[in-house]
Amino acid sequence: MTEADIDAVSAVRVRSWQAAYPGLMPQAYLDAMDVAQDAARRREWFARRRPEVWELVAERAGRVVGWSAAGPARDADLARGDGSPAGGELAPHDGELPAGRRPAAELLALYVAPELLGTGVGRALLDAGTLRARSLGYGALYLWVVRGNARAQRFYERAGFVPDGAEEASDVGGRRVPELRYRRPLP
Numbered sequence: 077m078t079e080a081d082i083d084a085v086s087a088v089r090v091r092s093w094q095a096a097y098p099g100l101m102p103q104a105y106l107d108a109m110d111v112a113q114d115a116a117r118r119r120e121w122f123a124r125r126r127p128e129v130w131e132l133v134a135e136r137a138g139r140v141v142g143w144s145a146a147g148p149a150r151d152a153d154l155a156r157g158d159g160s161p162a163g164g165e166l167a168p169h170d171g172e173l174p175a176g177r178r179p180a181a182e183l184l185a186l187y188v189a190p191e192l193l194g195t196g197v198g199r200a201l202l203d204a205g206t207l208r209a210r211s212l213g214y215g216a217l218y219l220w221v222v223r224g225n226a227r228a229q230r231f232y233e234r235a236g237f238v239p240d241g242a243e244e245a246s247d248v249g250g251r252r253v254p255e256l257r258y259r260r261p262l263p
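Taking the numbering used here, the leading residue of the sequence shown gets 77, the next gets one more, and so forth.
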């Protein structure tokens, strides 16, 4: 992603939220989302983002149709490598990491133009981000999914992610929106 992609990325992000989250987030919040405002915030963030964060875009016929962002784990338990997921060990404990391996990377965002869902764009972005995380030495990749976003949950489960038992809620438009953490190892 380059700075020139920001307006197109914001359009994909806003349209994706408006398509994916009715009933899961306040409708007034979704209706009030504005591409220009999102792009202004994204420009500020882009200018000061940490160098270890990477953003990728998917294009079709020269048009941005998808976007993903990832970087080092923000969750303290996964940044240290001591997370204890339900259903089995998904990332090694800090003392078990091979030399040069980092505990976990976080997939911060992955959005695809709503009309292109199910066409492979999301999977291509996920695969490219996974490859980048693996090449940077991360031992696992994780993300947060809004509870009730069944389509996203199925997408990530088909890609080998499993819920690890962690849950949190974010405030969106004055309403608490619960999220589930999904994780997968990067062999």
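Idealized CB from N, CA, C, for every residue including glycine.
- In this structure, L201 sits near G142, with a CB-CB distance shorter than 8 Å.
- Under the DSSP definition of a beta bridge, S144 partners with L132 and L186.
- The closest CA to that of A149, considering only P254, F231, V248 and W220, is found on W220.
- Rounded to the nearest angstrom, the gap between the Cα atoms of G224 and E244 is 14 Å.
- Counting of Cβ neighbours within 10 angstroms places A115 among the buried residues, the total reaching 16 or more.
- Taking 8 Å as the cut-off, the beta carbon of Y97 is found no closer than this to the beta carbon of G249.
- The beta-carbon distance between E131 and S144, rounded to whole angstroms, is 7 Å. This is short enough to meet the 8 Å contact definition.
- For T206 and L212, the gap between their C-alpha atoms comes out near 10 Å.
- Here the alpha carbon of L154 sits roughly 32 Å from the alpha carbon of D83.
- Non-local C-beta neighbours of M101 in its own chain, meaning closer than 8 Å and more than five positions away in sequence, comprise W93, V222, V248, G249, R251 and V253, ordered along the chain.
- In this chain, the alpha helix (DSSP H) harbouring A123 covers V111 to R124.
- When only Cα atoms are considered, E79 and A87 end up about 14 Å apart.
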